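Visitor: My structure is below; once you've seen it, I'll send some questions.
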Amino acid sequence: MADNDSVLAAARAWKGERLALATVVSTWGSAPRPRGSHMLVHADGRFEGSVSGGCVETDILQTAAEVIDGAPATVRHYGVADPAAWEVGLPCGGEISVLVQPVSDTGFPPALFDAIDAARARGESLDIGTDLASGRSAAGPGAFVNRYDPPRRLLIVGAVQIAQALAGLARELGIATTIIDPRERFLTPERFPGVILDDRWPDEAVTALQPDPATAVVTLSHDPKIDDAALIAALRAPAGYVAALGSRKSHAARLERLAALGFSDADLARIEGPAGLAIGAIGPSEIALSIAAAMVKTFHAQA
85 MADNDSVLAA ARAWKGERLA LATVVSTWGS APRPRGSHML VHADGRFEGS VSGGCVETDI
145 LQTAAEVIDG APATVRHYGV ADPAAWEVGL PCGGEISVLV QPVSDTGFPP ALFDAIDAAR
205 ARGESLDIGT DLASGRSAAG PGAFVNRYDP PRRLLIVGAV QIAQALAGLA RELGIATTII
265 DPRERFLTPE RFPGVILDDR WPDEAVTALQ PDPATAVVTL SHDPKIDDAA LIAALRAPAG
325 YVAALGSRKS HAARLERLAA LGFSDADLAR IEGPAGLAIG AIGPSEIALS IAAAMVKTFH
385 AQA
(Lines of atoms letter the chains of each structure in order from A; the text may use other names.)
(Lines give C-alpha, C1' and ligand atoms only; values in the text may rest on other atoms or scores of the structure.)
Protein backbone atom coordinates (compact mmCIF):
# COMPACT_ATOMS: atom_id res chain seq x y z
CA MET A 85 0.00 0.00 0.00
CA ALA A 86 1.46 3.36 -1.03
CA ASP A 87 1.51 6.21 1.49
CA ASN A 88 -0.05 9.14 -0.35
CA ASP A 89 -1.38 11.19 2.59
CA SER A 90 0.94 14.13 1.93
CA VAL A 91 -0.04 14.17 -1.76
CA LEU A 92 -3.74 14.19 -0.91
CA ALA A 93 -3.13 17.07 1.52
CA ALA A 94 -1.29 19.00 -1.20
CA ALA A 95 -4.17 18.37 -3.62
CA ARG A 96 -6.51 20.02 -1.13
CA ALA A 97 -4.16 22.96 -0.63
CA TRP A 98 -3.57 23.45 -4.38
CA LYS A 99 -7.16 22.92 -5.47
CA GLY A 100 -7.95 24.91 -8.63
CA GLU A 101 -4.28 25.29 -9.63
CA ARG A 102 -2.57 23.84 -12.72
CA LEU A 103 -1.18 20.45 -11.68
CA ALA A 104 0.17 17.15 -12.97
CA LEU A 105 0.03 13.82 -11.18
CA ALA A 106 2.77 11.20 -11.52
CA THR A 107 1.95 7.64 -10.46
CA VAL A 108 4.04 4.46 -10.26
CA VAL A 109 1.99 2.05 -12.36
CA SER A 110 4.36 -0.92 -12.39
CA THR A 111 7.53 -2.06 -10.64
CA TRP A 112 10.05 -4.85 -10.95
CA GLY A 113 12.92 -5.89 -8.71
CA SER A 114 14.23 -3.50 -6.09
CA ALA A 115 11.99 -0.58 -7.00
CA PRO A 116 12.36 2.17 -4.38
CA ARG A 117 8.65 3.08 -4.17
CA PRO A 118 5.63 0.78 -4.34
CA ARG A 119 3.08 0.61 -7.11
CA GLY A 120 0.48 3.35 -6.66
CA SER A 121 2.89 5.93 -5.21
CA HIS A 122 2.14 9.50 -6.29
CA MET A 123 4.02 12.71 -6.89
CA LEU A 124 1.91 15.85 -7.38
CA VAL A 125 3.56 18.67 -9.32
CA HIS A 126 2.44 22.32 -9.30
CA ALA A 127 2.84 24.58 -12.34
CA ASP A 128 5.23 26.78 -10.36
CA GLY A 129 7.61 23.86 -9.78
CA ARG A 130 6.60 22.85 -6.27
CA PHE A 131 5.91 19.18 -5.73
CA GLU A 132 4.79 16.77 -3.03
CA GLY A 133 5.35 13.03 -2.77
CA SER A 134 7.78 10.73 -4.53
CA VAL A 135 7.82 8.05 -7.22
CA SER A 136 11.35 6.78 -6.67
CA GLY A 137 12.74 8.22 -3.46
CA GLY A 138 14.76 10.75 -5.48
CA CYS A 139 16.12 8.61 -8.34
CA VAL A 140 14.01 9.86 -11.26
CA GLU A 141 12.20 12.87 -9.82
CA THR A 142 14.14 15.42 -11.88
CA ASP A 143 13.07 13.76 -15.11
CA ILE A 144 9.49 13.44 -13.86
CA LEU A 145 9.40 17.15 -13.00
CA GLN A 146 10.36 18.00 -16.58
CA THR A 147 7.73 15.64 -17.99
CA ALA A 148 5.12 17.03 -15.60
CA ALA A 149 5.88 20.58 -16.72
CA GLU A 150 5.26 19.55 -20.32
CA VAL A 151 1.99 17.83 -19.40
CA ILE A 152 0.83 20.91 -17.47
CA ASP A 153 1.56 23.00 -20.57
CA GLY A 154 -0.66 20.78 -22.71
CA ALA A 155 1.35 17.72 -23.69
CA PRO A 156 -0.64 14.46 -23.52
CA ALA A 157 -0.38 12.06 -20.61
CA THR A 158 2.57 9.74 -20.96
CA VAL A 159 4.07 6.66 -19.34
CA ARG A 160 7.80 6.88 -18.61
CA HIS A 161 9.85 3.70 -18.14
CA TYR A 162 13.06 3.55 -16.11
CA GLY A 163 15.35 0.57 -15.62
CA VAL A 164 18.98 -0.51 -15.64
CA ALA A 165 18.61 -1.94 -19.14
CA ASP A 166 17.91 1.58 -20.38
CA PRO A 167 21.00 3.82 -20.69
CA ALA A 168 18.83 6.70 -19.48
CA ALA A 169 18.43 4.92 -16.15
CA TRP A 170 21.96 5.90 -15.16
CA GLU A 171 21.43 9.43 -16.37
CA VAL A 172 18.37 9.90 -14.14
CA GLY A 173 19.89 7.99 -11.26
CA LEU A 174 18.18 4.57 -11.17
CA PRO A 175 21.12 2.15 -10.81
CA CYS A 176 19.44 0.13 -8.03
CA GLY A 177 18.65 -2.86 -10.22
CA GLY A 178 14.91 -2.30 -10.36
CA GLU A 179 12.53 -1.03 -13.00
CA ILE A 180 9.55 1.29 -12.74
CA SER A 181 6.93 2.72 -15.05
CA VAL A 182 5.45 6.09 -14.16
CA LEU A 183 2.30 7.63 -15.62
CA VAL A 184 2.30 11.43 -15.77
CA GLN A 185 -1.15 12.90 -16.39
CA PRO A 186 -2.74 16.34 -16.07
CA VAL A 187 -5.02 17.00 -13.12
CA SER A 188 -7.98 17.79 -15.36
CA ASP A 189 -11.03 16.16 -16.86
CA THR A 190 -8.80 14.72 -19.61
CA GLY A 191 -6.49 13.08 -17.06
CA PHE A 192 -7.07 12.81 -13.34
CA PRO A 193 -10.26 14.84 -12.70
CA PRO A 194 -9.91 17.12 -9.64
CA ALA A 195 -13.25 15.81 -8.33
CA LEU A 196 -11.58 12.44 -7.74
CA PHE A 197 -9.51 13.96 -4.94
CA ASP A 198 -12.76 15.02 -3.25
CA ALA A 199 -14.18 11.53 -3.71
CA ILE A 200 -11.07 9.98 -2.17
CA ASP A 201 -11.23 12.33 0.82
CA ALA A 202 -14.93 11.60 1.33
CA ALA A 203 -14.42 7.83 1.22
CA ARG A 204 -11.47 7.94 3.63
CA ALA A 205 -13.46 10.13 6.03
CA ARG A 206 -16.13 7.41 6.09
CA GLY A 207 -13.47 4.80 6.85
CA GLU A 208 -13.89 3.26 3.39
CA SER A 209 -11.53 2.40 0.53
CA LEU A 210 -11.98 3.76 -2.98
CA ASP A 211 -10.64 2.26 -6.22
CA ILE A 212 -9.60 4.60 -9.03
CA GLY A 213 -9.10 3.00 -12.44
CA THR A 214 -6.93 4.48 -15.20
CA ASP A 215 -6.76 3.79 -18.94
CA LEU A 216 -3.02 3.93 -19.50
CA ALA A 217 -3.45 4.50 -23.23
CA SER A 218 -5.47 7.70 -22.81
CA GLY A 219 -4.24 8.67 -19.34
CA ARG A 220 -7.81 9.15 -18.09
CA SER A 221 -8.87 8.13 -14.58
CA ALA A 222 -12.28 7.47 -13.04
CA ALA A 223 -13.74 5.77 -9.98
CA GLY A 224 -14.01 2.05 -10.62
CA PRO A 225 -12.11 -0.51 -12.71
CA GLY A 226 -9.40 0.18 -15.27
CA ALA A 227 -6.21 -1.15 -16.81
CA PHE A 228 -4.42 0.21 -13.74
CA VAL A 229 -6.29 0.37 -10.44
CA ASN A 230 -5.07 2.29 -7.41
CA ARG A 231 -6.76 1.72 -4.06
CA TYR A 232 -6.99 4.56 -1.55
CA ASP A 233 -7.46 3.16 1.93
CA PRO A 234 -8.60 5.05 5.02
CA PRO A 235 -5.81 6.86 6.88
CA ARG A 236 -4.03 4.76 9.47
CA ARG A 237 -4.82 5.52 13.10
CA LEU A 238 -3.44 4.41 16.44
CA LEU A 239 -5.45 4.44 19.66
CA ILE A 240 -3.12 4.07 22.64
CA VAL A 241 -4.81 3.21 25.92
CA GLY A 242 -2.73 4.21 28.92
CA ALA A 243 -0.70 7.44 29.04
CA VAL A 244 2.47 5.73 30.25
CA GLN A 245 6.13 6.14 29.28
CA ILE A 246 5.96 3.53 26.51
CA ALA A 247 3.01 5.48 25.08
CA GLN A 248 5.20 8.58 24.81
CA ALA A 249 7.77 6.73 22.70
CA LEU A 250 5.12 4.92 20.64
CA ALA A 251 3.29 8.17 19.89
CA GLY A 252 6.54 9.66 18.59
CA LEU A 253 7.21 6.69 16.33
CA ALA A 254 3.63 6.78 15.03
CA ARG A 255 4.02 10.47 14.20
CA GLU A 256 7.14 9.71 12.11
CA LEU A 257 5.19 6.94 10.36
CA GLY A 258 2.37 9.32 9.49
CA ILE A 259 -0.14 7.49 11.72
CA ALA A 260 -2.66 9.75 13.48
CA THR A 261 -2.55 8.97 17.20
CA THR A 262 -4.97 9.39 20.08
CA ILE A 263 -3.97 8.75 23.70
CA ILE A 264 -6.85 7.51 25.86
CA ASP A 265 -6.65 7.58 29.66
CA PRO A 266 -9.23 8.65 32.26
CA ARG A 267 -6.43 9.54 34.70
CA GLU A 268 -5.92 13.26 34.17
CA ARG A 269 -2.53 13.40 35.89
CA PHE A 270 -1.16 11.01 33.25
CA LEU A 271 -2.90 12.63 30.30
CA THR A 272 -1.24 16.03 29.87
CA PRO A 273 -0.15 18.06 26.80
CA GLU A 274 3.31 18.40 28.33
CA ARG A 275 3.80 14.63 28.28
CA PHE A 276 2.15 14.18 24.87
CA PRO A 277 2.73 17.28 22.73
CA GLY A 278 0.94 17.39 19.40
CA VAL A 279 -1.18 14.30 20.12
CA ILE A 280 -4.96 14.06 20.51
CA LEU A 281 -5.83 13.39 24.16
CA ASP A 282 -9.06 11.65 25.20
CA ASP A 283 -9.96 11.41 28.90
CA ARG A 284 -13.08 9.29 28.47
CA TRP A 285 -13.30 5.79 29.89
CA PRO A 286 -11.61 3.53 27.31
CA ASP A 287 -14.66 1.54 26.23
CA GLU A 288 -16.56 4.77 25.56
CA ALA A 289 -13.64 6.39 23.74
CA VAL A 290 -12.75 3.39 21.57
CA THR A 291 -16.40 2.80 20.63
CA ALA A 292 -16.90 6.46 19.72
CA LEU A 293 -13.73 6.52 17.58
CA GLN A 294 -15.02 3.56 15.53
CA PRO A 295 -11.82 1.63 14.83
CA ASP A 296 -11.71 0.22 11.29
CA PRO A 297 -9.23 -2.11 9.53
CA ALA A 298 -6.79 0.82 9.25
CA THR A 299 -6.88 1.40 13.02
CA ALA A 300 -4.65 -0.11 15.71
CA VAL A 301 -5.72 -0.32 19.35
CA VAL A 302 -2.88 -0.88 21.83
CA THR A 303 -3.42 -1.14 25.60
CA LEU A 304 -0.48 -0.17 27.83
CA SER A 305 -1.88 0.87 31.22
CA HIS A 306 -1.25 -2.44 33.09
CA ASP A 307 -4.59 -1.78 34.84
CA PRO A 308 -7.16 -4.47 33.89
CA LYS A 309 -10.03 -2.08 34.57
CA ILE A 310 -8.69 0.24 31.88
CA ASP A 311 -7.14 -2.21 29.43
CA ASP A 312 -9.95 -4.78 29.45
CA ALA A 313 -12.56 -2.10 28.77
CA ALA A 314 -10.63 -0.97 25.70
CA LEU A 315 -10.05 -4.50 24.43
CA ILE A 316 -13.75 -5.33 24.72
CA ALA A 317 -14.60 -2.32 22.56
CA ALA A 318 -11.81 -3.11 20.07
CA LEU A 319 -12.92 -6.73 19.65
CA ARG A 320 -16.46 -5.57 18.92
CA ALA A 321 -15.13 -3.47 16.02
CA PRO A 322 -13.15 -4.39 12.88
CA ALA A 323 -9.91 -2.93 14.27
CA GLY A 324 -6.97 -3.97 12.11
CA TYR A 325 -4.46 -4.49 14.93
CA VAL A 326 -5.22 -5.15 18.60
CA ALA A 327 -2.42 -5.60 21.12
CA ALA A 328 -1.99 -5.61 24.87
CA LEU A 329 1.15 -5.09 26.92
CA GLY A 330 1.97 -7.57 29.66
CA SER A 331 3.67 -10.85 30.43
CA ARG A 332 2.50 -14.18 29.04
CA LYS A 333 1.06 -14.99 32.47
CA SER A 334 -0.91 -11.74 32.66
CA HIS A 335 -2.09 -12.20 29.07
CA ALA A 336 -3.37 -15.70 29.86
CA ALA A 337 -5.35 -14.27 32.77
CA ARG A 338 -6.64 -11.51 30.49
CA LEU A 339 -7.89 -14.05 27.97
CA GLU A 340 -9.69 -15.96 30.72
CA ARG A 341 -11.49 -12.79 31.83
CA LEU A 342 -12.54 -11.94 28.28
CA ALA A 343 -13.62 -15.53 27.55
CA ALA A 344 -15.86 -15.38 30.61
CA LEU A 345 -17.57 -12.38 28.99
CA GLY A 346 -18.48 -14.49 25.96
CA PHE A 347 -15.65 -13.79 23.52
CA SER A 348 -14.75 -16.75 21.30
CA ASP A 349 -11.32 -18.23 20.69
CA ALA A 350 -11.32 -16.53 17.27
CA ASP A 351 -12.06 -13.18 18.92
CA LEU A 352 -9.31 -13.62 21.48
CA ALA A 353 -6.80 -14.69 18.82
CA ARG A 354 -7.03 -11.17 17.41
CA ILE A 355 -5.22 -9.81 20.49
CA GLU A 356 -1.44 -9.81 20.19
CA GLY A 357 -0.11 -10.41 23.66
CA PRO A 358 2.47 -9.66 24.76
CA ALA A 359 2.32 -6.74 22.32
CA GLY A 360 5.06 -6.29 19.73
CA LEU A 361 7.57 -8.30 17.73
CA ALA A 362 9.99 -10.46 19.71
CA ILE A 363 13.18 -8.43 19.29
CA GLY A 364 14.46 -8.73 22.85
CA ALA A 365 13.32 -5.19 23.58
CA ILE A 366 14.57 -3.55 26.77
CA GLY A 367 13.18 -0.26 28.05
CA PRO A 368 10.25 1.88 26.91
CA SER A 369 11.71 3.03 23.58
CA GLU A 370 12.65 -0.45 22.38
CA ILE A 371 9.31 -1.88 23.50
CA ALA A 372 7.56 0.93 21.60
CA LEU A 373 9.67 0.09 18.55
CA SER A 374 8.65 -3.58 18.72
CA ILE A 375 4.96 -2.59 18.93
CA ALA A 376 5.26 -0.13 16.04
CA ALA A 377 6.96 -2.78 13.91
CA ALA A 378 4.24 -5.35 14.66
CA MET A 379 1.54 -2.81 13.88
CA VAL A 380 3.09 -1.90 10.51
CA LYS A 381 3.62 -5.58 9.67
CA THR A 382 -0.07 -6.30 10.35
CA PHE A 383 -1.23 -3.31 8.29
CA HIS A 384 0.87 -4.48 5.33
CA ALA A 385 -0.41 -8.05 5.64
CA GLN A 386 -3.97 -6.75 5.27
CA ALA A 387 -3.22 -4.53 2.25
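Counted from 1, the sequence shown has number 374 at position 290 by our numbering; the numbering is strictly sequential.
We treat Cβ as the ideally placed atom computed from N, Cα and C, and that holds for glycine.
Keep in mind that this is a model prediction, so the values were computed, not measured.
#1: Counting only the same chain and skipping the five closest in sequence on each side, list residues whose C-beta sits under 7 Å from that of V187.
#2: Where do the ends of the alpha helix (DSSP H) carrying G252 lie?
#3: Give a yes or no on whether the C-beta atoms belonging to A317 and V290 are separated by under 8 Å.
#4: Between the segment 213–232 and the segment 249–260, are three or more C-beta pairs nearer than 8 Å?
#5: Are at least three pairs of beta-carbons, each pair with one atom in the segment 137–145 and one in the segment 196–205, less than 8 Å apart?
#6: Please identify the residue among V241, S348, R269 whose C-alpha is closest to the C-alpha of T261.
#7: Alpha carbon to alpha carbon, what distance is there between T214 and G226?
#8: Short of 7 Å in beta carbon distance, which residues of its chain neighbour L293, apart from the five on each side in sequence? Order them along the chain.
#9: If you scan the segment 228–308 from start to end, which runs of the beta strand (DSSP E) of 3 or more residues do you find wholly inside it?
#10: Does the segment 322–334 come close enough to the segment 299–306 that 3 or more CB-CB pairs lie under 8 Å?
#11: If contact is defined by three or more beta carbon pairs under 8 Å, each pair taking one atom from either stretch, is the segment 141–158 in contact with the segment 110–120?
#12: Nearest CA to the CA of E132: which residue from V159, H335, D189, N88?
#13: Given a cut-off of 8 Å on the beta-carbon distance, is the pair R332 and P358 in contact?
#14: Please classify I310: does DSSP put it in a helix, a strand, or coil?
#15: Exposed or buried, which one is W98 when buried takes at least 16 other CB atoms within 10 Å?
#16: Within the same chain, show all residues whose beta-carbon is closer than 6 Å to that of S209, passing over the 5 residues directly before and after it, in chain order.
#17: I'd like the list of long-range same chain contacts for A377, defined as Cβ closer than 6 Å, with 5 residues on each side in sequence excluded.
#18: Using only the alpha-carbon positions, how far apart do I355 and A148 sit?
#19: Would you mind sorting Q185 into buried or exposed? The rule is 16 or more other CB atoms within 10 Å of its CB.
#20: With DSSP run on the structure shown, which of helix, strand or coil describes A223?
#21: Between S305, W112, F270, which lies nearest to E179 when the distance is taken from Cα to Cα?
#22: Please classify G367 as buried or exposed, where buried requires at least 16 other C-beta atoms within 10 Å of its C-beta.
#23: Mind checking who D215 pairs with in its DSSP beta bridge?
#24: What residue from P156, F192, M379 has the CA that sits closest to R237's CA?
#25: Let me know the secondary structure DSSP gives L361 once reduced to three states.
#26: Taking C-beta to C-beta, are V108 and V182 nearer than 8 Å?
#27: Can you tell me where the beta strand (DSSP E) holding T111 begins and where it ends?
#28: Classify A328 as helix, strand or coil using the three-state DSSP reduction.
#29: Output the boundary residues of the alpha helix (DSSP H) element that contains I383.
#30: If you count every other CB in all the chains shown that lies within 10 Å of the CB of G258, and 16 or more means buried, which is it?
Guide: According to the structure shown:
#1: Around V187, the same chain offers L103, A104, L105, P194 as residues with beta carbons nearer than 7 Å, after the five sequence neighbours per side are excluded.
#2: Per DSSP, the unbroken alpha helix (DSSP H) holding G252 starts and ends at 245–256.
#3: Judged by their CB atoms, A317 and V290 are nearer to each other than the 8 Å cut-off.
#4: Contact fails between the segment 213–232 and the segment 249–260, because fewer than three Cβ pairs, one in each stretch, are under 8 Å apart.
#5: Touching, no.
#6: The option with the nearest alpha carbon to T261 is V241.
#7: A straight line joining the alpha-carbon of G226 with that of T214 spans about 5 Å.
#8: L239, T262.
#9: Restricting attention to beta strand (DSSP E) runs no shorter than 3 residues, the segment 228–308 encloses them at 228–232, 237–241, 260–264, 280–282, 299–303, ordered along the chain.
#10: They touch, by the three-pair rule.
#11: Remark: fewer than three beta-carbon pairs, one from each stretch, lie closer than 8 Å, so the segment 110–120 and the segment 141–158 are not flagged as touching.
#12: Of the candidates V159, H335, D189, N88, the residue whose Cα lies closest to the Cα of E132 is N88.
#13: The answer is yes: Cβ separation under 8 Å.
#14: Here DSSP, grouped into helix, strand and coil, assigns I310 to helix.
#15: With 16 or more Cβ atoms within 10 Å of its Cβ, W98 is classed as buried.
#16: Excluding positions up to five away in sequence, the list reads R231, D233.
#17: Taken in chain order, the residues that qualify are L361.
#18: Taking the straight line from one Cα to the other gives about 46 Å.
#19: Taking every protein chain shown into account, the CB of Q185 has 16 or more other CB atoms within 10 angstroms, so this residue is buried.
#20: Per DSSP, reduced to three states, the secondary structure at A223 is strand.
#21: Checked all of S305, W112, F270; the closest Cα to E179 is W112.
#22: Counting other Cβ atoms within 10 Å of its Cβ, G367 stays below 16 and is therefore classed as exposed.
#23: R220.
#24: Residue M379 is the option with its Cα nearest to R237.
#25: L361 falls in the coil class under three-state DSSP.
#26: Going by C-beta atoms, V108 is nearer than 8 Å to V182.
#27: For T111, the enclosing beta strand (DSSP E) begins and ends at 103–112.
#28: Correct three-state label for A328: strand.
#29: In the sequence under discussion, the amino acid at residue 383 is Phe, which differs from the Ile named in the question. DSSP places F383 inside the alpha helix (DSSP H), whose first and last residues are 367–386.
#30: G258 should be labelled exposed.
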